[in-house]
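Let me begin by presenting the structure, written as structure tokens, before commenting on it.
Chains as they are written, first to last, in our numbering: chain A, 115 to 228; chain B, 7 to 119.
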């Protein structure tokens, strides 16, 4: 079956612009996660959805970052007034409803803020 | 807060040599441990995991890792590496009460012929 997909694969934007990054999880997975991977670092947790609600958004760096999952499937990560420091690979993962279960990762969206 | 340390940023080895990638985590009452692999231009893939039971866990492609509670370590080993093992390897930990993974900074394994 299809894995986690993310679009776009690459996004180049200018400082101050607004961007949206999309994640399509594996069908039937109720849990969805966003991580951010800066150059030379491991992924860092941003937010976790269980169904439509954000169960844990403690990793969002500031109020310029926001994520939604209105129908409990596709999720969109939104970044307002982008800054050069937001440049990173944004990873999405999904899992079935259990803390024991493997998180399946998408290929990521590489965001470059000029 | 939970943390994961991968001391080696890059490990170069010759093909068919053994390798060990080190991972240490900060102590916690109950944790689950994972190794993920990221091949060039691909997404993260789960290599192996420790949830409970036997402290030695194995992957299908010859890697193994041993959970050592007293040393708070989860080192990854392979007795004989292949060129195709060249990749970035990430150790990760998750608390029993949490869903989020805490990753180390990664170790790049470079296998040379």
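Ideal placement from N, C-alpha and C gives every residue a C-beta, glycine not left out. Computed from a prediction, not measured in an experiment: that's the story for all the values here.
Residue interval of the beta strand (DSSP E) (run including residue i)
{"i": "residue 64 of chain B", "result": "62-64"}
{"i": "residue 200 of chain A", "result": "Segment: none, residue 200 of chain A is in no beta strand (DSSP E) and carries neither H nor E."}
{"i": "residue 159 of chain A", "result": "158-164"}
{"i": "residue 44 of chain B", "result": "37-44"}
{"i": "residue 67 of chain B", "result": "Run containing residue 67 of chain B: none; DSSP gives neither H nor E here."}
{"i": "residue 29 of chain B", "result": "Per DSSP, residue 29 of chain B belongs to no beta strand (DSSP E) and is neither H nor E."}
{"i": "residue 134 of chain A", "result": "133-138"}
Three-state secondary structure (DSSP) of residue i
{"i": "residue 89 of chain B", "result": "helix"}
{"i": "residue 170 of chain A", "result": "strand"}
{"i": "residue 301 of chain A", "result": "Past the edges of chain A, shown from 115 to 228, lies residue 301 of chain A, and the structure says nothing about it."}
{"i": "residue 101 of chain B", "result": "strand"}
{"i": "residue 6 of chain B", "result": "The structure shown does not extend to residue 6 of chain B, since chain B is modelled only from 7 to 119, so the question has no answer here."}
{"i": "residue 215 of chain A", "result": "coil"}
{"i": "residue 126 of chain A", "result": "strand"}
{"i": "residue 23 of chain B", "result": "coil"}
{"i": "residue 118 of chain A", "result": "coil"}
Near the ligand GTP: residue i beta-carbon under 6 Å from a heavy atom
{"i": "residue 166 of chain A", "result": "Judged by which ligands are present, the structure shown has none, so any question about the ligand GTP falls away."}
Own chain residues within Cβ distance below 7 Å of residue i, not counting five before or after
{"i": "residue 129 of chain A", "result": "196, 197, 198, 227 and 228"}
{"i": "residue 133 of chain A", "result": "125, 127, 193, 196 and 225"}
{"i": "residue 73 of chain B", "result": "39, 56, 61 and 80"}
Close beta carbons around residue i, own chain, < 8 Å, minus the five adjacent residues each side
{"i": "residue 107 of chain B", "result": "40, 98, 99 and 100"}
{"i": "residue 188 of chain A", "result": "136, 137, 138 and 139"}
{"i": "residue 158 of chain A", "result": "149, 150, 151, 152 and 173"}
{"i": "residue 117 of chain A", "result": "140, 218 and 220"}
{"i": "residue 14 of chain B", "result": "27, 28 and 113"}
{"i": "residue 142 of chain A", "result": "210"}
Close-in-space but distant-in-sequence residues of the same chain around residue i (CB under 6 Å, 5 per side omitted)
{"i": "residue 94 of chain B", "result": "44, 112 and 114"}
{"i": "residue 119 of chain B", "result": "21"}
{"i": "residue 18 of chain B", "result": "116"}
CB contact below 7 Å: residue i versus chain C
{"i": "residue 109 of chain B", "result": "The chain inventory of the structure shown lacks chain C, comprising the protein chains A and B."}
> How do the segment 84-103 of chain B and the segment 164-179 of chain A stand: do at least 3 beta-carbon pairs fall below 8 Å, yes or no?
Replying inline: They do not touch, by the three-pair rule.
> Using Cβ-Cβ distances below 9 Å, what residues of the segment 166-183 of chain A are close to chain B?
Replying inline: Within the segment 166-183 of chain A, the qualifying residues are 169, 170, 172 and 173.
> Counting Cβ pairs, one atom from each stretch, are 3 or more of them under 8 Å apart for the segment 22-38 of chain B and the segment 176-195 of chain A?
Replying inline: The segment 22-38 of chain B is not in contact with the segment 176-195 of chain A.
>> Closer than 8 Å between beta carbons: that is the criterion. Which residues of the segment 120-147 of chain A meet it against chain B?
In response: Flagged, chain order: 145 and 147.
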